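*Asks:* I have a structure I would like to understand better, so I am pasting it below and will then ask my questions one at a time.
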Amino acid sequence: MPDYRERLWPTPWIYLSSLLLIPASILVLAPVSLPAGIVTGVLLYVAIAGSLTLTSPVIEVADGRLRAGRAEVPLGLTGEAVAAQGDAARIERGTGLDARAFLVIRGWIADVVRVPITDAADPAPYWLVSTRHPHEMAAAINGSRRPRVEGEPA
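So the sequence shown is residues 1 to 154, counted in the UniProt record's numbering.
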């Protein structure tokens with residue numbers, strides 16, 4: 001069972017705003033064919049909503065590893081994870097961002113966790129990962145890095 005798991009689903013307003021594809025398609029194609037505009041709009045919406053849903057990455061801390069999307073790193077090669085919210089998260093994603101960092105960020109999720117990489121062979125100095133629960137994710141990473149004491153529950 002994972003110590004932490006989260007799927008970075010798009011927020012409902014992303015799906016709602018994508019609905020504007022339907023009237024836009026109708027407006028563009030109505031002079032040619034109204035039914036074609038409706039069908040095209042619905043198909044475009046389904047394609048966009050489906051791709052947003054299917055490509056939502058999973059963030060997981062389990063079995064001594066951090067997985068973010070398709071990438072993973074052993075927790076033994078990470079430093080102390082730090083949660084960032086509000087202005088601190090905006091700075092992490094903006095002016096404070098190192099171009100070499102590995103990113104799994106989504107624009108619809110404001111908070112992030114910064115996970116330093118201690119492996120000298122890794123070109124990324126840290127991972128920056130979007131999360132809706134930054135303190136819980138950082139605690140799971142930091143707690144999983146801690147050596148287990150014999151007799152302590154896993």
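Where a beta carbon is used, it is the ideal one built from N, C-alpha and C, also for glycine. The structure presented is a predicted model; accordingly, all values stated were derived computationally and were not measured.
Could you name the residues that DSSP lists as bridge partners for residue 114?
*Replies:* Residue 114 pairs with 82, 128.
*Asks:* Could you give the first and the last residue of the continuous alpha helix (DSSP H) run that contains residue 21?
*Replies:* 21–29 is the span of the alpha helix (DSSP H), which, as asked, contains residue 21.
*Asks:* Could you spell out where the alpha helix (DSSP H) holding residue 59 opens and where it closes?
*Replies:* Run containing residue 59: none in the alpha helix (DSSP H); it sits in the beta strand (DSSP E), 58–62.
*Asks:* Is any heavy atom of the ligand COA found at a distance shorter than 6 Å from the C-beta of residue 65?
*Replies:* Ligands displayed in this structure: none; no statement on the ligand COA is therefore possible.
*Asks:* Can you say whether residue 1 is buried or exposed, counting buried as having 16 or more other CB atoms within 10 angstroms of its CB?
*Replies:* Under this definition residue 1 is an exposed residue.
*Asks:* Could you check the C-alpha separation between residue 189 and residue 22 for me, to the nearest Å?
*Replies:* There is simply no residue 189 to check, as the chain begins at 1 and stops at 154 in what is shown.
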